[in-house]
Amino acid sequence: MSEVHLEGRLICRDEREATLVATHLPRHVELTRAEPGCRSFLVIPTEDSLVWRVEEVFDDAASFRRHQDRVQGSQWGAVTASIERDYSVTGL
14 MSEVHLEGRL ICRDEREATL VATHLPRHVE LTRAEPGCRS FLVIPTEDSL
64 VWRVEEVFDD AASFRRHQDR VQGSQWGAVT ASIERDYSVT GL
(Lines of atoms letter the chains of each structure in order from A and count residues from 1; the text may use other names and numbers.)
(Lines give C-alpha, C1' and ligand atoms only; values in the text may rest on other atoms or scores of the structure.)
Protein backbone atom coordinates (compact mmCIF):
# COMPACT_ATOMS: atom_id res chain seq x y z
CA MET A 1 0.00 0.00 0.00
CA SER A 2 1.29 3.44 -0.85
CA GLU A 3 0.30 6.78 0.57
CA VAL A 4 -1.93 9.07 -1.45
CA HIS A 5 -0.93 12.73 -1.57
CA LEU A 6 -3.15 15.55 -2.78
CA GLU A 7 -1.68 19.02 -3.24
CA GLY A 8 -3.13 22.11 -4.79
CA ARG A 9 -5.37 25.11 -4.39
CA LEU A 10 -8.98 25.94 -3.63
CA ILE A 11 -9.75 29.06 -5.69
CA CYS A 12 -12.75 31.27 -4.94
CA ARG A 13 -14.21 33.62 -7.55
CA ASP A 14 -15.30 36.26 -5.08
CA GLU A 15 -15.72 37.16 -1.42
CA ARG A 16 -19.06 35.32 -1.22
CA GLU A 17 -17.32 32.02 -2.04
CA ALA A 18 -14.44 32.88 0.30
CA THR A 19 -16.94 33.43 3.11
CA LEU A 20 -18.51 30.02 2.42
CA VAL A 21 -15.08 28.39 2.70
CA ALA A 22 -14.20 30.25 5.91
CA THR A 23 -17.57 29.39 7.47
CA HIS A 24 -17.62 25.68 6.65
CA LEU A 25 -13.91 24.82 6.67
CA PRO A 26 -13.41 24.21 10.42
CA ARG A 27 -16.01 21.42 10.53
CA HIS A 28 -14.71 19.92 7.27
CA VAL A 29 -11.17 19.82 8.69
CA GLU A 30 -12.41 18.31 11.96
CA LEU A 31 -14.35 15.54 10.19
CA THR A 32 -11.56 14.79 7.74
CA ARG A 33 -8.83 14.53 10.37
CA ALA A 34 -11.05 12.06 12.28
CA GLU A 35 -11.35 9.74 9.27
CA PRO A 36 -9.52 6.41 9.44
CA GLY A 37 -6.49 6.62 7.15
CA CYS A 38 -6.10 10.40 7.21
CA ARG A 39 -2.47 11.12 8.08
CA SER A 40 -2.46 14.84 7.40
CA PHE A 41 -5.00 17.39 6.23
CA LEU A 42 -4.15 21.08 5.86
CA VAL A 43 -6.10 23.89 4.24
CA ILE A 44 -4.01 27.04 4.61
CA PRO A 45 -4.95 30.59 3.64
CA THR A 46 -2.57 32.28 1.21
CA GLU A 47 -1.73 35.95 0.71
CA ASP A 48 -4.61 36.03 -1.78
CA SER A 49 -7.81 36.09 0.30
CA LEU A 50 -9.60 34.05 -2.39
CA VAL A 51 -7.10 31.15 -2.46
CA TRP A 52 -6.31 28.36 0.02
CA ARG A 53 -3.40 25.89 -0.21
CA VAL A 54 -4.58 22.29 0.24
CA GLU A 55 -2.34 19.40 1.33
CA GLU A 56 -3.71 15.94 2.15
CA VAL A 57 -2.06 12.61 2.95
CA PHE A 58 -3.99 9.36 3.30
CA ASP A 59 -2.71 5.88 4.16
CA ASP A 60 -3.76 4.37 0.85
CA ALA A 61 -6.11 4.62 -2.11
CA ALA A 62 -9.01 3.05 -0.20
CA SER A 63 -8.90 5.62 2.61
CA PHE A 64 -8.55 8.46 0.09
CA ARG A 65 -11.58 7.21 -1.86
CA ARG A 66 -13.63 6.88 1.33
CA HIS A 67 -12.75 10.50 2.08
CA GLN A 68 -13.82 11.60 -1.41
CA ASP A 69 -17.10 9.70 -1.04
CA ARG A 70 -17.80 11.28 2.35
CA VAL A 71 -17.09 14.77 1.04
CA GLN A 72 -19.49 14.32 -1.90
CA GLY A 73 -22.38 13.79 0.48
CA SER A 74 -21.35 16.37 3.07
CA GLN A 75 -22.44 19.92 3.76
CA TRP A 76 -18.93 21.05 2.75
CA GLY A 77 -19.29 19.25 -0.57
CA ALA A 78 -22.66 20.87 -1.22
CA VAL A 79 -21.75 24.46 -0.37
CA THR A 80 -18.36 24.41 -2.12
CA ALA A 81 -19.29 22.34 -5.19
CA SER A 82 -18.93 25.26 -7.59
CA ILE A 83 -15.60 26.49 -6.18
CA GLU A 84 -12.61 25.80 -8.41
CA ARG A 85 -10.11 23.18 -7.32
CA ASP A 86 -6.65 22.90 -8.85
CA TYR A 87 -5.30 19.65 -7.39
CA SER A 88 -2.74 17.02 -8.26
CA VAL A 89 -2.97 13.56 -6.72
CA THR A 90 -0.18 10.99 -6.50
CA GLY A 91 -0.23 7.44 -5.19
CA LEU A 92 -3.44 6.18 -6.77
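The numbering of the sequence shown is the working numbering, which starts it at 14 and goes up by one.
Backbone N, C-alpha and C fix where the C-beta goes; we use that ideal spot for every residue, glycine too.
Model, not experiment: these values are computed from the prediction.
- When DSSP states are grouped into helix, strand and coil, E30 belongs to the helix group.
- Burial check for E28: the Cβ neighbour count within 10 Å stays below 16, so the residue is exposed.
- In this structure, C25 and I96 form a Cβ contact; the two beta carbons are roughly 6 Å apart against a cut-off of 8 Å.
- By the criterion of at least three beta-carbon pairs nearer than 8 Å, the segment 77-94 is not in contact with the segment 56-68.
- As DSSP reads the structure, T103 sits in a beta bridge with H18.
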